[in-house]
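Visitor:
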Amino acid sequence: MQQDILINWAPQETRVAVVENGAVQELHVERALERGLVGNVYLGKVSRVLPGMQSAFIDIGLERAAFLHVADVWHRHEGAEAHPARKGEPPVPIERQVFEGQPLMVQVIKDPIGSKGARLSTQISIAGRLLVYLPQDEHVGVSQKIPAAEREALRARLQALVGHKEQGGGGGFILRTNGEDASDEELAEDIAYLRKTWAGIRQAALTLPAGSLLYQELNLLQRVLRDLASEHTQSIRIDSAEQFALLMDFGREFMPAAAPKLQLYRGERPIFDLYAIDEEVARALGRRVDLKSGGYLIVDQTEALTTIDVNTGGYVGARNFEDTIFKTNLEAAGAIARQLRLRNLGGIIIADFIDMAREEHRSAVLAEFRKHLARDRVKTMVGGFSQLGLVEMTRKRTRESLAQMLCEPCPTCSGVGEVKTARSVCYDILREVLREARQFNPREFRVVASPQVVELFLDEESQHLAGLSDFIGKPISLQAEAGMGPGLYDIVLL
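Structure (structure tokens):
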């Protein structure tokens, strides 16, 4: 797999595209006025405890209170390492752990999404270049993405190194995948940097008032080097000379393996035009995704879950109908995995593949789907085919989807996706005029509506309008407003 990362920087917005084998797989957007909160550490204040929900609302200085569930409260057990309640062991009730007005150091683990506030944890973790620091813990571990045969030796090496650095403070560490080949000197530098950062956080917590930001996660440009760049990355191209210099300095200090891959893009064409990324983004905001074979996907995103329907469309390339379905589903498996990453869809996802009669076909499609999902840096869990032929899966949701970030509900349909027909609105208006006539006695009723509704009243529905006017004994006049949505109207009493 060959990977390129393109960075389009502007003062108001940073956009990062991850391109694998010539196809856009991920798009990350960070706006100066809407920067994400995941990873930030705050000194919060408990504003409300809800025993029935085993959760608490925490004021961290944002517009909406943040949410802390009992499962995310970190506490120390007697004679054991600090960790949340063990599996099978009931957690201590939330009302016995926090109280209203209590100052509490918390970290954001999920950004606010829609009407929901940020989700918090009292377990603090600070990500470095090679390690993740757990200041409240004593555990030393290794990333699960590192081959199992190497983990124990790496863990023992890291344990010895952490033990030699006790003068800087305790805490636990987890070795990240990009620290697998790091030298002892590099690991020692990361340990020192992370402990110094934690010391600054603790000092700020003693001096700043509740609701204060104690630590801010790296910006998107810096996270490109820390989180997105990998051994597969061929180049990281950025179109801003100023940001290139800043990122190069940051990379040389903290991410020396990724820094040499940085390149300043000097082309005349916009950098995102190299792979038609803006066109890909436009397609990713639509419901329909066309497949090369002629089939297509329909993607519907709701607050509760996302459904993806696979259709053969105009594909007739296989020898028989059964093979046509199989080939379409195989192609759809890769396309669905790509759309999940590109659109950053999370939560519960239902994939409705075309029904397949043969078990070997279902197994092959499921294996292909899991193979493509394995490239996703976000955690996913996939079940098998259900009795109804659906594949159920989950994808961890930590930030807004692409559509939630770039779009807002339609002011005409309020996000429903449909509006009433002009005739339905006409009949709504007739009923409303009759209702008003029974309560009030104006000289005249004036109907203000969209041009389509007014035109229908003047043509096909004129007889019904005249009949209502005769019945209530009042004139009914019409006024067309071009700026009024098709489902909106107003009735003015004159």
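Residues in the sequence shown are numbered from 1 upward in steps of one, following UniProt numbering.
Note that CB positions come from ideal geometry on N, CA and C, so glycine has one too.
The structure displayed is predicted, hence computed values, not measured ones.
(1) Is the beta carbon of ILE348 closer than 7 Å to that of THR394?
(2) Leaving out five residues on either side along the sequence, give the residues of the same chain with a beta carbon under 8 Å from the beta carbon of ALA337.
(3) Cutting at 8 Å between CB atoms, please list the residues of its own chain near LEU291, excluding the five before and the five after it.
(4) Under 7 Å, do LEU154 and LEU120 count as touching if we go by C-beta distance?
(5) Ends of the alpha helix (DSSP H) at HIS372?
(6) Taking only the alpha-carbon atoms, compute the straight-line gap between ALA241 and LEU264 and give it to the nearest angstrom.
(7) Relative to the C-alpha of LEU161, which residue among ALA188, LEU220, PRO11 is closest?
(8) May I ask you to verify whether the stretch 443-450 touches the stretch 460-479, counting CB pairs closer than 8 Å and requiring at least 3?
(9) Which runs of the alpha helix (DSSP H) at least 4 residues long sit entirely within the stretch 416-484? Give them in chain order.
(10) When you compare the CB positions of GLY61 and GLY179, do they come within less than 7 Å of one another, or not?
(11) Alpha carbon to alpha carbon, how far is PHE57 from SER47? Give it in angstroms, no decimals.
(12) By the 10 Å Cβ neighbour count, where 16 or more other Cβ atoms means buried, how is HIS28 classified, buried or exposed?
(13) LEU494: buried (16+ other C-beta within 10 angstroms of its C-beta) or exposed?
(14) Which value, in whole angstroms, describes the spacing of the CA atoms of GLU418 and ASP59?
(15) Could you tell me the distance, in whole angstroms, from the CA atom of GLU460 to the CA atom of SER414?
(16) With DSSP run on the structure shown, which of helix, strand or coil describes SER183?
(17) Could you tell me the distance, in whole angstroms, from the CA atom of GLY79 to the CA atom of GLU280?
(18) Is the CB-CB distance between TYR427 and LEU213 below 7 Å?
(19) Going by other Cβ atoms of all chains shown within 10 Å of its Cβ, with 16 needed for buried, is THR306 buried or exposed?
(20) Using the three-state DSSP reduction, which class does ALA66 fall into: helix, strand or coil?
(21) Note down the Cα distance separating ALA351 from GLY286, rounded to an integer number of angstroms.
(22) Check whether the Cβ atoms of ILE354 and ILE308 sit closer than 7 Å, and answer yes or no.
(23) Which value, in whole angstroms, describes the spacing of the CA atoms of LEU6 and VAL49?
(24) So, with DSSP's three-state summary, where would you put ARG266?
(25) Can you list, in chain order, the residues of its chain whose CB lies under 8 Å from that of GLN234, leaving out five sequence neighbours each side?
(26) Per DSSP, residue 513 forms a beta bridge with which residues?
(27) Given that a residue counts as buried once 16 or more other Cβ atoms are within 10 Å of its Cβ, and exposed if not, what is GLU166?
(28) Is it the case that the Cβ atoms of GLY346 and ARG397 are separated by a distance below 7 Å?
(29) Are there 16 or more other CB atoms within 10 angstroms of the CB of ASP137, so buried, or fewer, so exposed?
(30) Rounded to a whole number of angstroms, what is the C-alpha to C-alpha distance between ILE126 and ALA403?
(31) Could you check the C-alpha separation between GLY295 and ALA71 for me, to the nearest Å?
(32) In this structure, how does DSSP classify ALA82 when only helix, strand and coil are distinguished?
(33) Between the beta-carbon of GLY36 and the beta-carbon of ARG399, is there less than 7 Å?
(34) Give the DSSP bridge partners of PRO103, in chain order.
(35) Is LEU494 helix, strand or coil by DSSP?
(36) Classify GLU26 as buried or exposed, calling it buried when 16 or more other Cβ atoms lie within 10 Å of its own Cβ.
Guide: Here's the rundown:
(1) yes
(2) PHE369, HIS372, LEU373, ARG375, ASP376
(3) Around LEU291: LEU297, GLY313, TYR315, THR328, GLU331, ALA332, ALA335.
(4) Cβ atoms of LEU154 and LEU120: not closer than 7 Å.
(5) 359-373
(6) 7 Å
(7) ALA188
(8) yes
(9) 422-439, 451-458, 462-472
(10) no
(11) Here the alpha carbons of PHE57 and SER47 stand approximately 6 Å from one another.
(12) buried
(13) exposed
(14) 38 Å
(15) 28 Å
(16) Coil, per DSSP.
(17) Any answer about GLY79 is weak, because its pLDDT of 38 lies below 50 and its placement is not dependable; what the coordinates show is given next. Rounded to whole angstroms, GLY79 to GLU280 spans 54 Å at the Cα level.
(18) no
(19) buried
(20) strand
(21) Whole-angstrom Cα-Cα distance: 17 Å.
(22) no
(23) 45 Å
(24) coil
(25) GLN2, GLN3, ASP4, LYS261
(26) Beyond the ends of the chain as shown, which are 1 and 494, falls residue 513; an answer cannot be given.
(27) Reliability fails at GLU166, whose pLDDT of 47 lies under 50, so the model's placement of it is uncertain and no value is given.
(28) Taking 7 Å as the Cβ cut-off, GLY346 and ARG397 qualify as a contacting pair.
(29) buried
(30) 29 Å
(31) Approximately 44 Å between the Cα atoms of the pair.
(32) Note on ALA82: pLDDT 43, under 50, position unreliable in the model; the coordinate value appears next. Strand.
(33) yes
(34) LYS45
(35) In the three-state DSSP reduction, LEU494 falls in the coil class, being neither helix nor strand.
(36) Residue burial annotation: GLU26 is buried, with at least 16 other C-beta atoms found within 10 angstroms of its C-beta.
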